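**Q** First to last, the protein sequences are chains Y and P.
Counting in my numbering, the first sequence runs from 51 upward without gaps.
Counting in my numbering, the second sequence runs from 51 upward without gaps.
Virtual Cβ for every residue (Gly too), placed ideally from N, Cα, C.
Bear in mind the structure is a predicted one, so any value in this text is a computation, not a measurement.
Submitted below is the structure of interest, expressed as structure tokens.
There are 2 protein chains.
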Amino acid sequence: MQHLKHFQGLAQVFFIRSPSSRLSKSVIPSLSVWDGHLSCRWRSTGGHGRQKYFNDRLPKFRFALAGLLAGTGAVLAYKLQQDKVQWAATSAQLRVTQTSDLPIYTLEEVTKHCSLDSGVWVTYKGAVYDITEFVAVHPGGDKILLAAGGALEPYWALYAVHQQDHVLEILSEYKIGVLDAESYKKQESANPLDPYSAEPTRHPALQINSLKPFNAEPPASILSDNYITPSVIFFKRNHLPVPRVDSEAYRLDIEGLPGGVVSLSLSELKSRFPKHTITATLQCAGNRRSEMNEVKQVKGLNWGIAAISNATWSGARLRDVLLFYGFGPEVAAKAKHVQFEGLDRDVTGTAYGASIPLNNAVSEEGDVLLAYEMNGEDLPPDHGYPVRVVVPGVVGARNVKWLGKIVVSDEESKSHWQQNDYKGFSPGTDWDTVDFKSAPAIQELPIQSAITHPAEGTSVDRSDREVTVKGYAWSGGGREVVRVDISVDGGKTWHVAKLRTSDQEQHPAPPPPPGRAWAWKLWEIDVPIPHRAQELEIVCKAVDSSYNMQPDTVAPIWNLRGVLSNAWHRVKVKVSEGFKDQK
Amino acid sequence: MQHLKHFQGLAQVFFIRSPSSRLSKSVIPSLSVWDGHLSCRWRSTGGHGRQKYFNDRLPKFRFALAGLLAGTGAVLAYKLQQDKVQWAATSAQLRVTQTSDLPIYTLEEVTKHCSLDSGVWVTYKGAVYDITEFVAVHPGGDKILLAAGGALEPYWALYAVHQQDHVLEILSEYKIGVLDAESYKKQESANPLDPYSAEPTRHPALQINSLKPFNAEPPASILSDNYITPSVIFFKRNHLPVPRVDSEAYRLDIEGLPGGVVSLSLSELKSRFPKHTITATLQCAGNRRSEMNEVKQVKGLNWGIAAISNATWSGARLRDVLLFYGFGPEVAAKAKHVQFEGLDRDVTGTAYGASIPLNNAVSEEGDVLLAYEMNGEDLPPDHGYPVRVVVPGVVGARNVKWLGKIVVSDEESKSHWQQNDYKGFSPGTDWDTVDFKSAPAIQELPIQSAITHPAEGTSVDRSDREVTVKGYAWSGGGREVVRVDISVDGGKTWHVAKLRTSDQEQHPAPPPPPGRAWAWKLWEIDVPIPHRAQELEIVCKAVDSSYNMQPDTVAPIWNLRGVLSNAWHRVKVKVSEGFKDQK
């Protein structure tokens, strides 16, 4: 709870009471300071018109590059630390170099160039850039137009990928002038609040893949030490800044039911519906993406094997809530999906969103929760405080955190993450040919397993005669893991590992009902070290209750977003000649 | 319907009316002629005691070898035709060779040796054999004891695998004497009715893997010519002789519901419940077993890629029937399975049996049918006339044909096929180490696909520039096939095939609700022939809506029963130098 307390402290400091909307009562509009320089677009087209404008322009480009950054927060963060130092130096020179013969502009003049028609001007550290021609090749897609007519700084604060040397070099090519001194001063004084300044503190053991938004996994070596992953090291996958939610003001809205919009407080959610507890594993669609990167670069966070964790979750069953508020056959006859909206929002005010099939949401066997507890305590801020959806057996991305709204609908969520992101494609599909409409949104995940011990590149001692291999295995859709096969010779011969469903000292959990195996299994085996082997290629592959099996190799399942990486996991270790026997 | 008429004609000839039981009214006790020579065992222990006797003896052996023959009808039929000629000659010599100095026995004396305690004697073509020591090494397990004290002929008629030269050679080693002339004459006159003498006629296109019991698949080349497979070439997988059922006398018993046993006539089943139609693909667990045999010999029928077919099925929903007869929460609280018993029985009177999880049976989305029509007509005899279960998305073996009984139970079916047969194991598990209790009964099947065109070993013409590749794809559990990837270079590069859900000239079927995609998809693609390629290794792999993918290779999924063979399908064709361009 230490983290939560810290987080609530921060929330009090930054809490802004606004009488204008209920939303702003419970969620700090941490991005509202930017409204000023966005006014060009808001005034000219309004929210809806702006979206249409984007849709009409660059339609192919939108899909082609939408995966890199867009709202996904897909930050290629490796090497970032090294680059930062050099970047700071380059950045400081930007305003002073080659400026003597360039025109001076006022902020008012810059603001007029806020569209492809009028030209797209931006400022950065007091210099003015005309990036009209760059828009079409921006790796992050048309989101760049959000900054048109204003400062880049607030956006680069949100998407840290820009803090690299080569980005500044590209920018410098488009320089057309400098801001006059007064405009620059004014702009600097309005220096926006870092939307990530109020993030909760995190456990130092976490291996960070992206700081803003925060994405981190525990070290693989400790992942399988606990059957129930402690919340502090449970993998974190945020798409946007963590919203700071006041539990007293919190409301959960439900739309699409006969009686109109329902609005529930946290205490109503807790008191009105039975508390249901499940143990469920969540896994990011990008878990083990780093193995796909080794085949060929993909777009997305470079997750290792630990973007998966297991916890107990308690809350109201979504089914109970929907039935209580009027869900019945007449709704079921029309509706096909249940959409979720988070309280985490991007700079345009767009909330994180996702949906699941209606059947899954209302099925008695689906066990979908509106969870308010994780491992017996209030949800931590990083995991959706005060309420998140837990859709067991389904990809993490649909388990919407900081849940603000539920919509029963005949349509899937229109969100970027549902429509143009978490989907699987053929290895032959690239960003030029991809058609996101051609693939279904990822829901249930396929069979998965990985080796947590020993680690790649370590040694085993021949005199030990055996090598102990450990790991996890899990499958989506409630399909139980029924077997894990282990090889130490690269897949030529196989041994069956021992599975467990609890920590070593505890009684194993009773077997789940068929189709409701939501939790992973940990496994372990001692395998004889083959004579004369100098190196072991340790391999694991799991089988679920539908006898789905993992593919052998990564390349044939490679896909441009690097999702669904579930080939056999392989770890190479050396066999060292020990001295135990000679003693 | 031609086959059905023929079949009914046969049924009239052989129909025996017996007042002793309802079962015998509707099913001909075609094996009853053997009761005489089974009397030793029946008298001594009775049916239940006999089973216990078997269970107490050779417990390890039972499991170790149960897969070869037992009740599975797992006949290794290849090469059978060639062997038969030689076999007939050897067989004729058996009685006359080396008999001059051997004792002469009466049938009465032979009958006394009907157990391991008293010794196990059998007769074959007038010779007497003491096979007591052979029992422990009989590849078919303890079923051999059924013949103890009597003639082998009736059993060998049932399991045609014995009609091979080496079997007779083994038998000759155990010869101890000959029957006296009177006994032999008596035995010959009681020559049992071939239980397979009244089988329906079959389409000549079928490729037969076993004649008795009948198991056959259509040629792969014609399999994907029809989206709905014509019934006559729909793959046939019988475990026992086809029972001849009188539809007027037919009764379906239902046990395990509050009101006691329910007994339904065919007309009641048809009139009392709404007729529900689904299109569903059935697949044998052993489909593509021949590819596993190429890795290492397995036990079972040597199926090619066509032990899978697609049909429309009409009947009452099992859910409707169970609810009508009292299924409710109090039953659901205790029951976990729904068992099915066929009217097809082995020599001991044991019916074919299987079960499915209760949830599947009663779920609104499960679409489990008590089907009485296939492709718009009465079920053909080979497909379960008059009523079979269709459990869409689930392995063929649970789709019990000639359905006689349904039992709602807290236990799985105790049948051999549920407990000790259709299960998957690790490649490292052999018949010495297998523990059938350690693996779940196969229910939902994993993702599958195969190439029906071109055929292995054929040629494509380089001047055509493209090769047309066709096939099928399907997944269990109602998971829809969402993509099929094709490679012509052994898996290095991939192309996405076009899927279809109807015949070419018809409108495609509307997309199924999520989780209810019961039917296969046919696919087709024209792939450019790579320059300079002398040979193409064409590969297909499919992906389902849970993004399950097929494993790359066969060896790592090899298992001792050769089930669940769903690795990438590979076909090699030569590239010939055509002359079209030079003309």
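1. For a contact defined as C-beta to C-beta under 8 Å, what are the partners of R620/P on chain Y?
2. Here's a check: name, in chain order, each residue in its chain whose Cβ is nearer than 6 Å to the Cβ of S463/P, leaving out the five neighbours to either side.
3. What do you get for A559/P, buried or exposed, if any count of 16 or more other CB atoms within 10 angstroms of its CB means buried?
4. Along the beta strand (DSSP E) that carries S359/P, what are the first and last residues, could you check?
5. Comparing the C-beta of V441/P with each C-beta of chain Y, is any distance below 8 Å?
6. Could you work out which residues of chain P lie near M9/Y, taking near to mean beta carbons separated by less than 7 Å?
7. Using a Cβ-Cβ cut-off of 8 Å, state whether Y597/Y counts as contacting chain P.
8. Give me the Cα-Cα distance between D576/P and C590/P, rounded to the nearest whole angstrom.
9. For the alpha helix (DSSP H) containing N265/Y, name the first residue and the last one.
10. Can you find a CB in chain P that lies within less than 8 Å of the CB of R369/Y?
11. Quick one: is E461/P near chain Y, going by C-beta distance under 8 Å?
12. How far does the beta strand (DSSP E) with D498/Y in it extend, from its first residue to its last?
13. With 8 Å as the threshold, decide whether the Cβ of S615/Y is near any Cβ in chain P.
14. Which value, in whole angstroms, describes the spacing of the CA atoms of G565/Y and V604/P?
15. Please report whether the beta-carbon of R533/P lies at a distance below 8 Å from any beta-carbon of chain Y.
16. Just list the alpha helix (DSSP H) runs in the region 312-381 of chain Y, keeping only unbroken ones of 4 residues or longer that don't cross its boundaries, in chain order.
17. To the nearest whole angstrom, what separates the beta carbons of R512/Y and E585/Y, a pair I think is in contact under 8 Å?
18. Hey, V457/Y and E305/Y: beta-carbon distance below 8 Å or not?
19. Decide yes or no for the touch test of the region 286-304 of chain P against the region 446-454 of chain P: beta carbon pairs closer than 8 Å, at least 3 of them.
20. For L453/Y, write down the residues that DSSP places opposite it in a beta bridge.
21. Counting only runs that start and end within the region 185-250 of chain Y, where is the beta strand (DSSP E) found for 3 or more residues in a row?
22. Output needed for T479/P: all residues of its chain with C-beta closer than 8 Å, excluding positions within five of it in sequence on either side, in chain order.
23. Just the chain Y side, please: which residues come within less than 7 Å of G527/P by C-beta, in chain order?
24. Do you know offhand how far I501/P's Cα is from A201/P's?
25. Are R533/P and A567/P closer than 8 Å when you measure CB to CB?
26. What in chain P is Cβ-close to W544/Y, meaning under 8 Å?
27. Could you please tell me which residues of the region 485-509 of chain P, in chain order, have their CB closer than 9 Å to any CB of chain A?
28. Answer yes or no: does any C-beta atom of chain P fall closer than 8 Å to that of D602/Y?
29. Within the continuous beta strand (DSSP E) that includes E587/Y, where are the two ends?
30. Which residues in chain Y sit within 8 Å of P263/P, going by Cβ to Cβ distance?
31. Which chain Y residues are close to K571/P, counting only those with a beta carbon under 8 Å from its beta carbon?
32. Should the region 273-289 of chain P be called in touch with the region 379-387 of chain P, which here means at least 3 C-beta pairs below 8 Å?
33. Use the C-beta contact count for D485/P: other C-beta atoms within 10 angstroms, 16 or more gives buried, fewer gives exposed.
34. To the nearest angstrom, how far is it from the Cα of T279/P to the Cα of V397/P?
35. For G565/Y, which residues in chain P fall below 7 Å Cβ to Cβ?
36. Which two residues bound the contiguous beta strand (DSSP E) that contains V638/Y?
**A** Taking the geometry as given:
1. Neighbours of R620/P on chain Y: none; closest Cβ ~13 Å, over 8 Å.
2. Residues Q389, G403, A404, S405 of the same chain have their beta carbon placed closer than 6 Å to that of S463/P, with the five preceding and five following residues left out of the count.
3. With fewer than 16 other Cβ atoms from the protein chains shown falling within 10 Å of its own Cβ, A559/P counts as exposed.
4. For S359/P, the enclosing beta strand (DSSP E) covers residues 358-367.
5. By this cut-off, V441/P is not an interface position.
6. The first residue shown for chain Y is 51 and the last is 633, placing residue 9/Y beyond what the model contains.
7. By this cut-off, Y597/Y is an interface position.
8. Looking at the two C-alpha atoms, the distance is approximately 13 Å.
9. Where N265/Y is concerned, there is no enclosing alpha helix (DSSP H), although the beta strand (DSSP E) it sits in stretches over 265-267.
10. For R369/Y, the answer is no, since every Cβ of chain P falls outside 8 Å of its Cβ.
11. No, E461/P lies away from the interface with chain Y (no Cβ there is under 8 Å from its Cβ).
12. First, the amino acid is wrong: residue 498/Y is Gln here, not Asp. It spans 498-503 - the beta strand (DSSP E) in which Q498/Y sits, taken as one unbroken run.
13. No, S615/Y lies away from the interface with chain P (no Cβ there is under 8 Å from its Cβ).
14. If you take the alpha carbons of G565/Y and V604/P, they lie about 27 Å apart.
15. Closer than 8 Å to some Cβ of chain Y, the Cβ of R533/P qualifies, so yes.
16. As far as the region 312-381 of chain Y is concerned, its whole alpha helix (DSSP H) runs of at least 4 residues are 316-322, 339-345, 368-374.
17. Your pair R512/Y and E585/Y does not check out as a contact, with CB atoms roughly 12 Å apart and the cut at 8 Å.
18. Their beta carbons are under 8 Å apart, which means V457/Y touches E305/Y by this criterion.
19. The region 286-304 of chain P vs the region 446-454 of chain P: in contact.
20. Looking at the DSSP output, L453/Y shares a beta bridge with G392/Y.
21. You should have 225-229.
22. Answer for T479/P: N609, L610, listed in chain order.
23. Using a Cβ-Cβ cut-off of 7 Å, G527/P is close to S596 of chain Y, given in chain order.
24. The straight-line gap from Cα to Cα measures roughly 46 Å.
25. Cβ atoms of R533/P and A567/P: not closer than 8 Å.
26. Those within 8 Å of W544/Y in chain P are S476, P477, G478, P606.
27. Here the protein chains are Y and P, and chain A is not one of them.
28. Yes - at least one Cβ of chain P is within 8 Å of the one on D602/Y.
29. Per DSSP, the continuous beta strand (DSSP E) segment holding E587/Y begins and ends at 585-594.
30. None at all; the shortest Cβ gap to chain Y is about 25 Å.
31. The premise fails here: K571/P is roughly 14 Å from chain Y at the closest Cβ pair, so nothing lies under 8 Å.
32. Not touching, per the Cβ criterion.
33. Residue burial annotation: D485/P is exposed, with fewer than 16 other C-beta atoms found within 10 angstroms of its C-beta.
34. Pairing T279/P with V397/P, the inter-Cα distance amounts to about 33 Å.
35. Chain order gives the chain P residues near G565/Y as N409, where near means a beta carbon separation below 7 Å.
36. For residue 638/Y there is no data in the structure shown, the boundaries of chain Y being 51 and 633.
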